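Asks: Okay, handing you the structure first.
Residue numbers (this note's numbering): 25 to 671.
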């Protein structure tokens with residue numbers, strides 16, 4: 025244990041707050057000072073280290089004004105929480121989601137934001153300047169000071185360093201122009217945008233971690249691997265087995281599910297402590313964690329996390345029933361397993377819940393319109409082909425078979441609660457109509473072979489497309505392949521390991537893919553410039569125009585220049601990201617974007633079903649209802665740092 029405000033008060037509310045005064049709108053946490061009736065309290069495990077002189081006293085470890093969370097139940101310290109991991113670098117939401125920290129919290133109501141990693145913040149009237157006030161005395165998990173030096177280091181040497189980060193994500197931009205950082209002192213940071221960015225509050229609450237971290241990084245720890253700070257960084261990288269300082273630096277920087285550096289400090293409630301020979305990861309409590317409950321008890325209550333690698337969902341289910349795993353929300357957790365999991369509640373001493381889901385589709389299919397094979401590119405770029413493939417799917421049968429009718433049949437688009445959603449977008453090309461599908465394929469010129477068993481591509485070869493996906497989407501993909509084969513488009517299903525699947529997407533090597541359509545709730549459409557629906561931003565899991573994405577990301581130096589209409593759609597998505605719900609063009613532009621995405625039928629969806637959530641009865645301060653979705657970082661609104669073992 026060594027180092028160990030839906031849409032920001034609904035975006036419209038954000039705008040309302042901004043007009044209350046003639047100066048900036050200010051947001052601050054209640055000043056609690058010394059919390060509770062007595063001194064701060066800590067885990068016995070940590071207290072032992074204080075007594076032995078290995079750690080300073082808690083008053084020296086906490087910031088001058090810690091973040092305070094009002095818990096339903098004052099918890100008990102101790103225990104190891106175990107969640108499943110479907111691999112060493114992916115499929116670990118059930119532990120990672122409890123660790124997530126952002127500049128602002130997303131509260132359980134999914135509407136309210138509160139300062140978390142900062143003490144307070146102000147926004148100017150134009151929404152172009154956000155002034156953040158850090159918590160004085162806050163520290164990294166290894167005891168290093170957490171100051172604006174770490175924020176400037178991340179901005180200058182990571183985000184804006186093209187060797188490490190080839191392009192700046194839209195969430196850090198206003199209409200494509202990156203934000204700037206200024207640090208007047210070690211606890212004040214000013215973030216500026218060239219155009220209004222009212223959705224930036226969402227970004228501050230939503231964005232937690234990825235390969236380049238977010239907003240800040242531990243400068244004192246990481247500098248020795250960075251060429252700008254160590255002229256021998258290449259030699260050091262080679263000593264560690266990396267070809268370049270860039271790869272080495274990225275490895276030490278990474279605090280995602282793929283993290284391997286067990287010494288890297290963080291601001292999470294638990295930080296990576298060790299990885300065993302089987303690849304299981306153990307996360308120890310952070311003795312410098314900046315949060316306390318209303319009685320002054322430093323969080324988290326639970327001492328340790330374990331990300332336990334399991335082979336598949338069935339093994340995970342067995343470990344839930346045996347009590348070896350304490351919670352599950354990470355897919356695959358299909359509704360088809362609901363009855364089995366419910367029948368075993370007593371055996372596993374857990375409860376099964378159905379949470380809301382903001383996905384656009386539980387599973388979506390895309391075709392690579394920039395495929396390296398010119399024959400496939402011609403086929404996939406034909407909108408009539410994509411429409412035909414959508415008409416060929418019997419979604420009602422899929423829903424009854426896989427989801428016991430609990431899913432909602434719809435096309436893959438923004439989530440149903442989006443304020444500018446129209447029925448026509450959700451229902452576009454979703455009726456099961458084999459005649460329409462065949463007629464469209466005939467129009468495309470894809471004739472049947474002589475035996476009338478499969479259609480022929482323009483080059484005369486029989487259709488035999490390869491659909492790549494991961495375990496979670498196999499059942500739906502199997503049924504989809506059968507329906508497509510029935511209209512003469514033979515599709516072979518290929519299941520691959522998740523990290524390899526993502527690598528192939530980045531390399532533009534997949535022809536067809538199946539993955540979830542998430543991150544499309546209005547919250548995320550606003551905060552991330554239409555998120556996954558923005559051309560070139562389908563993420564590596566559903567990416568279907570990678571060559572265009574490479575062109576955009578490199579300012580035309582790589583990839584292929586996209587057609588004008590696709591480029592315009594992307595620009596409109598970026599412009600949408602600078603608006604608030606109070607903007608008179610907000611709804612009309614949002615609707616226009618959804619209309620164009622719908623017309624193109626780039627994403628073929630099937631259903632959206634409730635989200636299964638399973639939580640051990642041994643755990644306290646856990647949710648019994650709510651929304652479990654990537655839009656809100658899954659577990660994050662439910663404060664994993666406040667969970668505790670009752671017995």
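Glycine residues also receive a C-beta, built at the ideal position from the N, C-alpha and C atoms.
The structure presented is a predicted model; accordingly, all values stated were derived computationally and were not measured.
Nearest-angstrom Cα distance between residue 301 and residue 476?
Replies: 54 Å
Asks: Can you tell me where the alpha helix (DSSP H) holding residue 339 begins and where it ends?
Replies: 337 to 345
Asks: Are the Cβ atoms of residue 574 and residue 529 separated by less than 8 Å?
Replies: no
Asks: Could you tell me the boundaries of the beta strand (DSSP E) in which residue 139 lies?
Replies: Note, residue 139: beta strand (DSSP E), 137 to 139.
Asks: Check the DSSP bridge columns for residue 607 and list the partner residues they point to.
Replies: Residue 607 is not bridged to any residue.
Asks: Identify whether residue 658 lies in helix, strand or coil by the three-state DSSP scheme.
Replies: coil
Asks: Hey, residue 96 and residue 641 are a contact pair by Cβ (cut 8 Å); roughly how many whole angstroms apart?
Replies: At roughly 16 Å, the Cβ-Cβ gap does not stay under 8 Å, so residue 96 and residue 641 are not in contact.
Asks: How would you call residue 118, buried or exposed, if buried means at least 16 neighbouring beta carbons within 10 angstroms?
Replies: buried
Asks: With a CB to CB cut of under 6 Å and the five nearest residues on each side skipped, what residues in its chain are close to residue 654?
Replies: Scanning its chain for C-beta atoms nearer than 6 Å, with the 5 sequence neighbours on each side dropped, one finds around residue 654 the residues 542 and 543, in chain order.
Asks: Do the stretch 101 to 120 and the stretch 328 to 335 touch if we need at least three Cβ pairs shorter than 8 Å?
Replies: yes
Asks: Does the Cβ-Cβ distance between residue 535 and residue 417 come in under 8 Å?
Replies: no
Asks: Taking the DSSP output, what are the residues bridged to residue 209?
Replies: 212
Asks: Contact between the stretch 99 to 114 and the stretch 315 to 327: three or more CB pairs below 8 Å?
Replies: yes
Asks: Between residue 81 and residue 177, is the Cβ-Cβ spacing less than 8 Å?
Replies: With contacts defined as CB atoms closer than 8 Å, residue 81 and residue 177 fail to qualify as a contacting pair.
Asks: Starting from residue 146, trace the beta strand (DSSP E) both ways and give me its first and last residue.
Replies: 142 to 147
Asks: Whole angstroms are fine: how far does the CA of residue 246 sit from the CA of residue 204?
Replies: 22 Å
Asks: Tell me where the alpha helix (DSSP H) around residue 421 begins and ends.
Replies: 419 to 427
Asks: Cα separation between residue 193 and residue 75?
Replies: 46 Å
Asks: Name the DSSP bridge partner or partners of residue 198?
Replies: 201
Asks: What are the start and end residues of the alpha helix (DSSP H) that includes residue 390?
Replies: Where residue 390 is concerned, there is no enclosing alpha helix (DSSP H), although the beta strand (DSSP E) it sits in stretches over 385 to 391.
Asks: Name the one or two DSSP bridge partners that residue 65 has.
Replies: 321
Asks: Using the Cα positions of residue 305 and residue 298, report the straight-line distance between them to the nearest angstrom.
Replies: 6 Å
Asks: Does the pairing of the stretch 372 to 386 with the stretch 461 to 468 give three or more beta-carbon distances under 8 Å?
Replies: no
Asks: Within the continuous beta strand (DSSP E) that includes residue 23, where are the two ends?
Replies: Outside the shown range of the chain, which is 25 to 671, sits residue 23, and nothing can be said about it.
Asks: Spell out the partners DSSP gives residue 632 in its beta bridges.
Replies: 432
Asks: Per the DSSP calculation, residue 536 is bridged to which residue(s)?
Replies: 391 and 491
Asks: Who are the Cβ neighbours of residue 33 in its own chain at under 6 Å, not counting the five residues just before and after it?
Replies: Here the model assigns residue 33 a pLDDT of 26, short of 50, so the residue's position is not dependable and the matter cannot be decided.
Asks: Name the residue from 572, 591, 291 and 624 whose alpha carbon lies nearest to the alpha carbon of residue 436.
Replies: 624
Asks: Looking only at its own chain, which residues have a Cβ that is under 6 Å from the Cβ of residue 230, when we skip the five neighbours before and after it?
Replies: Answer for residue 230: 551, listed in chain order.
Asks: Just to confirm the assignment, what range does the alpha helix (DSSP H) spanning residue 411 have?
Replies: 407 to 415
Asks: Grouping DSSP H, G and I as helix and E and B as strand, with all else coil, what is residue 398?
Replies: helix
Asks: Quick one: grab the DSSP three-state call for residue 331.
Replies: Here residue 331 sits in strand by DSSP.
Asks: Please name the residue in 71, 191 and 263 whose C-alpha comes closest to that of residue 576.
Replies: 191
Asks: Counting C-beta neighbours from all protein chains within 10 Å, is the total for residue 500 16 or more, i.e. buried, or is it exposed?
Replies: buried
Asks: Take residue 462 and list the residues in its own chain whose beta-carbon comes closer than 8 Å to its own, dropping the five residues that flank it on each side.
Replies: 412, 511 and 512
Asks: Leaving aside the five residues before and after residue 35 along the sequence, list all residues of the same chain whose C-beta is less than 8 Å from its C-beta, in chain order.
Replies: Low per-residue confidence applies at residue 35: pLDDT is 32, beneath 50, and the placement is therefore not dependable enough to give any value.
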